[in-house]
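Novice: This is the structure I want to talk about, given as structure tokens.
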Amino acid sequence: MRDANPIQSLAMNNDIRISPSILAADFAHLSREIDLITPEIDSLHVDVMDGHFVPNISLGTPVIASLRAATDLYLDCHLMITDPLRYIESIAVAGANGVTAHIEAIPDPVPVAEEADRLGIDFGLALSPNTPIEAIVPYLDRCSIVVVMSVQPGFGGQRFMDQVLTKIEALRESVDSRALSTDIQVDGGIDLQTIGRASSAGANVFVAGSSVFNADDPVNAIVEMKSIVGMGNR
Ligand code: DX5
Ligand code: ZN
0 MRDANPIQSL AMNNDIRISP SILAADFAHL SREIDLITPE IDSLHVDVMD GHFVPNISLG
60 TPVIASLRAA TDLYLDCHLM ITDPLRYIES IAVAGANGVT AHIEAIPDPV PVAEEADRLG
120 IDFGLALSPN TPIEAIVPYL DRCSIVVVMS VQPGFGGQRF MDQVLTKIEA LRESVDSRAL
180 STDIQVDGGI DLQTIGRASS AGANVFVAGS SVFNADDPVN AIVEMKSIVG MGNR
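See the structure below:
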């Protein structure tokens, strides 16, 4: 598998995964929070926001580099930024294993996909709630993952938007009918109440921020979500 960073590879074959979003973690004690849940997960979701594509600023390359030094987990970097082409190399060098960029920011995603290939990291496209799947379908074969946002990008802790379930269903149909191995990630408002609906619609990668890091017992929160989506005990 192409992977510039010396960590475990994730087979991109529609494995079911929970990818906790560190946006909801305590940034002053990130490694402590990550170490606690590491036995239950394979990847971490890292939300990069530039205060321009979205009305919020989160974290950037220095934090990704610190995470890389602190964990062997796959770093799934969600770029909520206006110009991913400008920053993708520094994000890859910092230690990202994969990036997802918003189709609303890059109407022509091919140059970013090609740059990801050159850098040896995985590439995917994200869709905000109001964007139809037709915007990304032409590029599915270039994506190892697609992200269906189930909240407006920019903030954690929002309520899951049920209206995106039909987009997940349509994407699953599109991926399967073309025999692609593109993962379908759902991001926003995923918790014990919503994860089952997202899974039934066809998502196989579940981003969960608040429902993990704000839980009294984050490990148990992950274990319970895993059992709902049929991961059982691994
Ligand atoms: C929102 C981010 C999400 C967010 C999810 O812009 O892309 O990844 O952190 O957080 P919860 O799970 O709290 O909705
Ligand atoms: Zn995200």
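The numbering of the sequence shown is numbering that gives the first Met the number 0, which starts it at 0 and goes up by one. Ideal placement from N, C-alpha and C gives every residue a C-beta, glycine not left out. As the structure is a computational prediction, the values presented were derived from the model and not from experiment.
Would residue 236 pass as a contact of residue 167 if the rule is Cβ separation under 8 Å?
Specialist: Absent from the structure is residue 236, since the part of the chain shown begins at 0 and ends at 233.
Novice: Which residues in the same chain as residue 30 place their Cβ atom closer than 6 Å to its Cβ, once the five residues preceding and following it in sequence are excluded?
Specialist: For residue 30, where only same-chain residues beyond five positions count, the Cβ hits under 6 Å are 69.
Novice: To the nearest angstrom, how far is it from the Cα of residue 104 to the Cα of residue 43?
Specialist: Roughly 23 Å between the two C-alpha positions.
Novice: DSSP on residue 107, reduced to helix/strand/coil?
Specialist: DSSP places residue 107 in coil when its eight states are reduced to three.
Novice: Does the segment 85 to 104 come close enough to the segment 190 to 210 that 3 or more CB-CB pairs lie under 8 Å?
Specialist: No, the segment 190 to 210 is not in contact with the segment 85 to 104.
Novice: Could you check the C-alpha separation between residue 216 and residue 17 for me, to the nearest Å?
Specialist: Going by the C-alpha atoms only, they are around 16 Å apart.
Novice: With a cut-off of 5 Å, give the chain-ordered residues whose Cβ is closer than this to any heavy atom of the ligand ZN.
Specialist: Selection output, chain order preserved: 46, 77, 186.
Novice: How is the alpha helix (DSSP H) around residue 122 delimited, first residue to last?
Specialist: Counting along the chain, residue 122 falls outside any alpha helix (DSSP H), though it belongs to the beta strand (DSSP E) covering 121 to 126.
Novice: Does DSSP put residue 117 in a helix, in a strand, or in coil?
Specialist: Here residue 117 sits in helix by DSSP.
Novice: Report yes if the CB atom of residue 102 is closer than 8 Å to the CB atom of residue 147, and no otherwise.
Specialist: Contact: no.
Novice: For residue 38, which three-state DSSP category applies?
Specialist: Three-state DSSP puts residue 38 in a helix.
Novice: Find out if the Cβ-Cβ distance for the pair residue 45, residue 33 is shorter than 8 Å.
Specialist: No, the pair does not count as a contact, with Cβ atoms beyond the cut-off.
Novice: Taking DSSP's pairing of strands, which residues face residue 18 in a bridge?
Specialist: The partner list for residue 18 (beta bridge, DSSP) reads 206.
Novice: Given this structure, state the Cα-to-Cα distance separating residue 144 from residue 173, to the nearest angstrom.
Specialist: Cα to Cα, the separation comes out at about 13 Å.
Novice: Quick check on the DSSP output: the alpha helix (DSSP H) that includes residue 150 runs from which residue to which?
Specialist: Taken as a continuous stretch (DSSP letters only), residue 150 belongs to no alpha helix (DSSP H), as it is neither H nor E.
Novice: Considering residue 79, what are the terminal residues of the beta strand (DSSP E) in which it resides?
Specialist: Segment 73 to 79, the beta strand (DSSP E) holding residue 79.
Novice: When DSSP labels each residue in this structure, what does residue 165 get in the three-state scheme?
Specialist: Helix at residue 165.
Novice: Counting only the same chain and skipping the five closest in sequence on each side, list residues whose C-beta sits under 7 Å from that of residue 209.
Specialist: Cβ neighbours of residue 209 beyond the five flanking positions: 23, 155, 156.
Novice: Count the other CB atoms, across all protein chains shown, that sit within 10 Å of the CB of residue 267; report buried if there are 16 or more and exposed otherwise.
Specialist: Residue 267 falls outside the range modelled here, since the chain spans only 0 to 233, and no answer is possible.
Novice: So for residue 97, helix, strand or coil by DSSP?
Specialist: Looking at residue 97 - three-state DSSP - the assignment turns out to be strand.
Novice: Looking at the ligand DX5, does it come within less than 7 Å of residue 59, judged from the CB to the closest heavy atom?
Specialist: It does not: the Cβ of residue 59 is nowhere closer than 7 Å to a heavy atom of the ligand DX5.
Novice: State yes or no: is the C-beta of residue 184 nearer than 7 Å to some heavy atom of the ligand DX5?
Specialist: No, the Cβ of residue 184 stays beyond 7 Å of every heavy atom of the ligand DX5.
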